[in-house]
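Novice: Residue numbers (the working numbering): 14 to 465. From the three backbone atoms N, C-alpha and C, an ideal C-beta is built for every residue, glycine too. As the structure is a prediction and not an experimental result, all values here were calculated from the model.
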Ligand code: SF4
């Protein structure tokens, strides 16, 4: 019995990743100025990764002695034809490409498990005679799946009723993703701005996020609002395995808010330090979950690069989307401390929020320049189907193609702004930030501190 995990993408000139934005994916289109196009090209060549659940499914099936392959190339007809079952990943940024594939003759003759949160949200589009929508977290489904052929075929003739819970209860039950298999076919890059050139292994220590921004965010949709954790020992065992098998010391934690639980974060860092792993890692977190002592401990454990969501400098704009955060002075102090510890900080801002206008966005750009962060990201507020906020936007969506919901376009009718304004503001922001002599010097300094 052969399974094929098919993970397909449109042909765009920018980086496309399905794992980000809670499995909806993002397409980093920084703008259309010469400068922004150069950044698009650079990032698309330097950073990549597959959806984590695809690699988890691969390991789950392999451990159950089933033949399973992972493939991104839609033209690999032989692999597709030979598969008894296809497991197709889904995302908003590849939606039309995925649906086009499902309508090809080769796909129509296959039994296809549709996996991932977007396939669940847009069931009507993905449900065809020969498809089955895998409910909830696909790892849980494939862990518990009866692999008898008749049982499997039952999913495609309506005989099979699934009783599987949405989420994996105990994350330590999951096998480790087999990145050495993946690396034989595809690179795992994250060399942005000179961050060391070894493979960057994605790793998940926790899943879920309970914060108020669930209103517009897709992570709680994919992973739930209750936070689940792996034991620190289980995480460290996976790190050790990758150090040994993949000869790297570089890891990208894909947790939605890495330091959401202080005690857990301390335990994990202490385990990493105790085992003398000497790793370098990247995390994404919320500034309100950092303090001076925790920053020092994270640094000792190997933190090199941290992404923090700030979104806007304007409290009223943030209130408009129910995002509650710490005040601007506190943000400055924490970022300064991180930078002084030799940690590179990327602050992430969001343009086109409902109460934004050109003035609030320009002030946010000025604010991003006033902070000590070495890197910035300006993305665009996107009302995603499936999120609570979407109901209020359904009638205002102006973008017809879901693949354009890549977090870098204005997809709804905004009361003050057009998409062309947003593109100009992105061009202006990136150029202003990265051509500023002070920032350029900081970036160059950060290169040298990160280069080995
Ligand atoms: S903090 Fe907010 S934006 Fe970040 S993952 Fe949680 S809900 Fe989403």
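Rounded to whole angstroms, what's the CA-CA distance from residue 345 to residue 353? Just pull it up for me.
Specialist: Rounded to whole angstroms, residue 345 to residue 353 spans 12 Å at the Cα level.
Novice: What does DSSP give as the partner residue(s) for residue 390 in the beta ladder?
Specialist: Paired residues: 361.
Novice: Which residues in the same chain as residue 420 place their Cβ atom closer than 7 Å to its Cβ, once the five residues preceding and following it in sequence are excluded?
Specialist: The answer, listed in chain order, is 34, 39, 392, 393 and 395.
Novice: Counting only runs of 3+ residues fully inside the region 78–130, write out the beta strand (DSSP E) ranges in chain order.
Specialist: List check, beta strand (DSSP E) in window: 80–84, 98–102 and 124–128.
Novice: Does the beta-carbon distance from residue 410 to residue 425 come in below 7 Å?
Specialist: Yes, the Cβ-Cβ distance between residue 410 and residue 425 is below 7 Å.
Novice: Can you find a heavy atom of ligand 1 that lies under 6 Å from the Cβ of residue 394?
Specialist: Not so, every heavy atom of ligand 1 lies at least 6 Å from the Cβ.
Novice: By Cβ distance, which residues of its chain are closer than 8 Å to residue 256, with the 5 residues on each side in sequence left out?
Specialist: Taken in chain order, the residues that qualify are 262, 290 and 292.
Novice: Please confirm whether any heavy atom of ligand 1 lies closer than 6 Å to the CB of residue 271.
Specialist: Checking the Cβ of residue 271 against ligand 1 gives no.
Novice: When you measure from the CB of residue 362 to every non-hydrogen atom of ligand 3, does any distance come out below 6 Å?
Specialist: With respect to ligand 3, the structure shown offers nothing to examine, as its ligands consist of ligand 1.
Novice: Check whether the Cβ atoms of residue 68 and residue 190 sit closer than 7 Å, and answer yes or no.
Specialist: Yes, the pair counts as a contact, with Cβ atoms nearer than the cut-off.
Novice: May I ask you to list the residues that DSSP assigns as paired with residue 406?
Specialist: Looking at the DSSP assignment, residue 406 forms no beta bridge with any residue, so it has no partner.
Novice: Report yes or no: do the region 326–339 and the region 218–238 share at least 3 C-beta pairs separated by less than 8 Å?
Specialist: Verdict: yes, contact present.
Novice: Taking C-beta to C-beta, are residue 215 and residue 62 nearer than 7 Å?
Specialist: Contact: yes.
Novice: Just list the alpha helix (DSSP H) runs in the region 128–194, keeping only unbroken ones of 4 residues or longer that don't cross its boundaries, in chain order.
Specialist: The qualifying runs are 130–134, 136–139, 151–157 and 162–167.
Novice: If we ignore side chains and look at the alpha-carbon of each, how far apart do residue 128 and residue 119 end up?
Specialist: Distance between the alpha carbons of residue 128 and residue 119 is about 19 Å.
Novice: Rounded to whole angstroms, what is the Cα-Cα separation between residue 205 and residue 386?
Specialist: The predicted position of residue 205 is uncertain, since its pLDDT is 48 and thus under 50; a value taken from the coordinates is nonetheless stated next. For residue 205 and residue 386, the distance between alpha carbons rounds to 15 Å.
Novice: Identify, in the order they occur along the chain, each residue of the same chain with its Cβ nearer than 6 Å to the Cβ of residue 450, setting aside the five sequence neighbours on each side.
Specialist: Within the same chain, residue 450 has no close Cβ partners at all.
Novice: Do residue 104 and residue 211 have their CB atoms nearer than 7 Å?
Specialist: Contact flag unset, no.
Novice: Check whether the Cβ atoms of residue 183 and residue 149 lie closer than 7 Å to each other.
Specialist: Contact: no.
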